[in-house]
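Contents: one structure, followed by commentary.
Numbering (full-length UniProt numbering), first residue to last: 1 to 287.
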């Protein structure tokens with residue numbers, strides 16, 4: 001072994017250990033942030049000091065102080081209580097807004113990659129059509145047709161968000177179906193459904209699972225944007241995007257109405273993003 005090779009091996013190992021440590025740190029930080037928000041969502045009735053929709057005009061626009069640490073809004077509602085209750089809505093948006101596109105995209109992408117031929121061409125053309133329109137514009141158009149509300153948002157996410165998952169799964173299936181274990185399964189006489197859903201798909205889902213964590217950030221920001229425009233969560237239900245919209249008129253005189261819900265969105269998005277980076281870094285190096 002040459003001197004250059006002797007120096008290269010410890011450097012390669014140290015870089016690998018550093019990436020694994022960074023991945024675990026990102027997983028820990030992201031998991032901690034998400035765990036905090038999950039606890040807030042689960043125990044909101046006991047953690048919130050006030051009713052999030054109770055209005056008291058005598059307490060309107062109070063700056064943060066001991067009784068109201070996040071202040072009050074223009075209707076006298078406690079901002080801290082509304083942020084805690086908004087955790088339930090925002091986590092629900094993230095989970096449901098990811099699950100349906102994930103399921104649809106995985107199913108379509110798996111069939112497209114395995115069957116191939118005209119069916120694959122048809123799926124790819126459909127994906128190209130969806131991707132030809134800006135994501136948020138297409139979502140808003142669908143919600144405008146269906147009417148405002150969370151149900152319309154979930155339907156719009158399912159109709160628009162599945163294409164990314166379909167492309168990821170399809171690309172993996174195209175590679176795996178030519179692998180040795182897939183050819184061995186065919187030679188043993190296994191059916192197409194068994195080969196696809198029992199042997200190929202479980203090995204093709206790693207990238208999609210990691211992407212779903214990052215996609216949760218997009219879903220969260222999309223939900224907040226739609227609510228900000230008045231097409232998502234409807235008042236008086238507490239949701240961070242809605243709260244930011246309600247406080248924009250008081251940005252100079254009552255900054256806390258927008259600031260604390262905005263920080264809540266940022267920390268929740270950071271949790272999902274760090275968790276996705278940590279999982280990709282750690283498990284990707286082990287694969």
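Where a beta carbon is used, it is the ideal one built from N, C-alpha and C, also for glycine.
Beta-bridge partners assigned by DSSP to residue 72: 78.
In this chain, residue 238 is not harboured by any alpha helix (DSSP H), its DSSP state being neither H nor E. Put simply, the region 116-130 does not touch the region 264-278. Fewer than three CB pairs are less than 8 Å apart. For residue 169, the secondary structure class from DSSP, reduced to helix, strand or coil, is helix. Nearest neighbour of residue 108 by Cα position, chosen from 222, 248, 201 and 26, turns out to be 201.
Where residue 46 is concerned, the enclosing alpha helix (DSSP H) starts and stops at 44-47.
If the five residues before and after residue 84 are omitted, its C-beta is found closer than 6 Å to the C-beta atoms of 40, 44, 47 and 48, all from its own chain and listed in chain order.
In this structure, DSSP gives residue 162 a helical state, which the three-state scheme calls helix.
Residue 65 carries a coil assignment under DSSP once its states are collapsed to helix, strand and coil. The C-beta distance from residue 143 to residue 226 rounds to 6 Å, short enough to fall under 8 Å. The beta carbon of residue 275 sits closer than 7 Å to the beta carbons of 27, 30, 31, 34 and 213 from its chain, once the five residues preceding and following it are set aside; these are given in chain order.
Assignment of residue 154 by DSSP, reduced to helix, strand and coil, places it in the helix class. Our two residues, residue 150 and residue 179, have alpha carbons roughly 43 Å apart in a direct line.
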